[in-house]
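Counted the way this note's numbering counts, the sequence shown spans residues 5 to 403. One structure is given here, and the rest of the page talks about it.
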Amino acid sequence: MKFGGSSVADADRVRNVARIVTESYKKGNDVVVVVSAQGDTTDDLIAKYKEIDVNASERERDMLLAAGEQISISLLAMAIQSMGCPAVSLLGWQAGFRTTSSHTTARIKKVDPTRIRNEISKKNIVVVAGFQGVDKHDDVTTLGRGGSDTSAVAIAAAMHADLCQIYTDVEGVYTADPRKVPGARKLPEISYDEMLELASLGAQVLNNRSVELAKKYGIELEVLSSLTNKPGTIVKEHTKMEKLLISGVAKDDDIVRISVTNIPDEPGLAFKLFSILSAKNINVDIILQSIGRDKTKDISFTVNKDNGQAAVDLLTEKFLSRYEGVNISMNDNVAKVSIVGSGMESHAGVATDMFEALFDANINIHMISTSEIKISVLIRKEYADKAVRILHDKFFPEV
Ligand code: ADP
Ligand code: ASP
Ligand code: MG
Numbered sequence: 005m006k007f008g009g010s011s012v013a014d015a016d017r018v019r020n021v022a023r024i025v026t027e028s029y030k031k032g033n034d035v036v037v038v039v040s041a042q043g044d045t046t047d048d049l050i051a052k053y054k055e056i057d058v059n060a061s062e063r064e065r066d067m068l069l070a071a072g073e074q075i076s077i078s079l080l081a082m083a084i085q086s087m088g089c090p091a092v093s094l095l096g097w098q099a100g101f102r103t104t105s106s107h108t109t110a111r112i113k114k115v116d117p118t119r120i121r122n123e124i125s126k127k128n129i130v131v132v133a134g135f136q137g138v139d140k141h142d143d144v145t146t147l148g149r150g151g152s153d154t155s156a157v158a159i160a161a162a163m164h165a166d167l168c169q170i171y172t173d174v175e176g177v178y179t180a181d182p183r184k185v186p187g188a189r190k191l192p193e194i195s196y197d198e199m200l201e202l203a204s205l206g207a208q209v210l211n212n213r214s215v216e217l218a219k220k221y222g223i224e225l226e227v228l229s230s231l232t233n234k235p236g237t238i239v240k241e242h243t244k245m246e247k248l249l250i251s252g253v254a255k256d257d258d259i260v261r262i263s264v265t266n267i268p269d270e271p272g273l274a275f276k277l278f279s280i281l282s283a284k285n286i287n288v289d290i291i292l293q294s295i296g297r298d299k300t301k302d303i304s305f306t307v308n309k310d311n312g313q314a315a316v317d318l319l320t321e322k323f324l325s326r327y328e329g330v331n332i333s334m335n336d337n338v339a340k341v342s343i344v345g346s347g348m349e350s351h352a353g354v355a356t357d358m359f360e361a362l363f364d365a366n367i368n369i370h371m372i373s374t375s376e377i378k379i380s381v382l383i384r385k386e387y388a389d390k391a392v393r394i395l396h397d398k399f400f401p402e403v
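See below:
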């Protein structure tokens, strides 16, 4: 069972989680609970390091951010004990989380569940700090924002759990963010592939790496609310439901567009440009190349907002300096809006419908990118919420 930050935000919420957990335990289940930091704690800790040094070293940032989860595991273990059940809290390293050394974006290499198993055999409810682990130097690492979902799935896989429940502040996975789109509908189930696209395209309800891991190990997930006692959304390989044409609409406005113009139109330059970025682990998303004037070409692409300035600096230093006349610019007034659905694989005209809906709303498209089961467009940031709503209306008309 994993509980996100809002589910453990204050003492009442912690007690509420303790009730859910102890009820399951009293039914005879072995329970491992993964929790995130309370409420906005992680954001507050980030603000704190920025007060000291915005460029603080990543190792120390991890040391700081990992503290958030330490608070919630201890409080939850206390709440469970106060309800008369045995519980023990474990930090990531105690729970056996070994990760890579890429601080702030570490990946789980393995989970050694020995300690968790020991505690379970002593009949303890085990409360594990999400989002964190240790690397081969025994340094504390964190998994990137939203990483507790991945911690939970990793434990479920390592323990061969019968069930992995992700409790959050909405009742499941919806056809769009239910806080932004009032008509959004809860999906009874969704496939890993569709969920992976939605999560990667901005639906923060599940971290995309957690879905990747769940698919890899065949862990069925249930996303549900910690505040209402209702069935949630099941995430699994094959859904019984008739294939929906579209299963969701998502938005990501944490991105910037970088345009490199006036590049000599010669073979190999796209390779050189993007290899400079990949050498520094900067992920590039939508790419557009177009013909410029006088044997030149322009290449535009999007990257995560956090990497924007670094990408511009790198290319200025390593690319622009080598080719005369090349220019670079960055635009942060952009957002990516996407529709996802495995039904579009076998259905023509979905893209046309999407573009028509945007045209009807007079929203201009800057870039387009597609895969078998998604279509994304880049538009101006101020139109993003409206675009999500009109696309949702188009593909999920009121019945
Ligand atoms: P937690 O703290 O439990 O990890 P998050 O804030 O990370 O919770 O994720 C839950 C939030 O995801 C919801 O409050 C909701 O606003 C947002 N969200 C975005 N897209 C969707 C979607 N398609 N379905 C459900 N929730 C969504
Ligand atoms: N507390 C971490 C974050 O806010 C991890 C998580 O919530 O999953 O990103
Ligand atoms: Mg989350």
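Backbone N, C-alpha and C fix where the C-beta goes; we use that ideal spot for every residue, glycine too. Just so we're clear, the structure is a prediction, and the values are computed from it rather than from any experiment.
Out of Val307, Tyr327 and Lys276, the CA that lies nearest to the CA of Asn266 is found in Tyr327.
Annotation: the continuous beta strand (DSSP E) that includes Lys255 extends over Gly252 to Asp256.
Here DSSP, grouped into helix, strand and coil, assigns Phe305 to strand. Chain order is used for the residues whose beta-carbon lies nearer than 5 Å to a heavy atom of the ligand MG, namely Gly8 and Gly150. For the ligand ADP, a non-hydrogen atom lies closer than 7 Å to the CB of Pro182.
As the crow flies, the alpha-carbon of Met5 is around 15 Å from that of Glu73. Check the Cα spacing between Asp364 and each of Asp173, Phe7, Arg393 and Leu69: the tightest is with Arg393. Minimum Cα-Cα distance from Ser251 among the listed residues Asn59, Leu228 and Phe400 corresponds to Phe400.
For Ser11, the shortest separation between its Cβ and any heavy atom of the ligand ASP does not lie below 7 Å.
Val36 and Ile129 have their C-alpha atoms roughly 6 Å apart. For Pro268, the closest alpha carbon among the candidates Ile286, Ser279, Ile194 and Thr300 is that of Thr300. Burial is judged here by how many other beta carbons sit within 10 angstroms of a residue's own beta carbon; His396 has at least 16 and is buried. Put simply, of Lys255, Thr46 and Pro186 the residue whose alpha carbon is nearest the alpha carbon of Tyr387 is Lys255.
Taking the Cβ of Phe101 as the reference point, every heavy atom of the ligand ASP lies at 7 Å or farther away.
Rounded to whole angstroms, the Cβ separation of Val92 and Val131 is 7 Å, and the two are in contact under 8 Å. The Cβ atoms of Ile295 and Ala274 do not sit closer than 8 Å to each other. No Cβ-Cβ contact shorter than 8 Å links Lys127 with Glu193. Around the CB of Val58, fewer than 16 other CB atoms lie within 10 Å, so the residue is classed as exposed. Under the 10 Å beta carbon count, Thr26 is surrounded by 16 or more other beta carbons and is classified as buried. Per DSSP, the continuous alpha helix (DSSP H) segment holding Phe359 begins and ends at Val354 to Asp364. Glu226 sits in a strand when the DSSP states are folded into three classes. Within 10 angstroms of the beta-carbon of Gly32 lie fewer than 16 other beta-carbons, which makes it exposed.
Relative to the Cα of Met82, the nearest Cα in the group Ala99, Ser125, Ala15 and Glu349 belongs to Ala15. Rounded to the nearest whole angstrom, the C-alpha separation of Trp97 and Gly9 is 20 Å. Between the segment 166 to 179 and the segment 100 to 107 there are fewer than three C-beta pairs closer than 8 Å, too few to call the two in contact.
The beta carbon of Asp257 is closer than 7 Å to those of Ala339, Lys385 and Ala388 in its chain, skipping five residues each way along the sequence. Cβ-Cβ distances below 8 Å link Ile280 to Leu318, Leu319, Lys322 and Phe323 in the same chain, with the five nearest sequence neighbours on each side left out; the list follows chain order.
Check the Cα spacing between Lys398 and each of Met87, Val307, Gly353 and Ile383: the tightest is with Gly353. By the criterion of a C-beta distance shorter than 8 Å, Leu249 is surrounded in its chain by Gly345, Gly347, Met348, His351, Val354 and Phe399, once the five residues flanking it on both sides are discounted.
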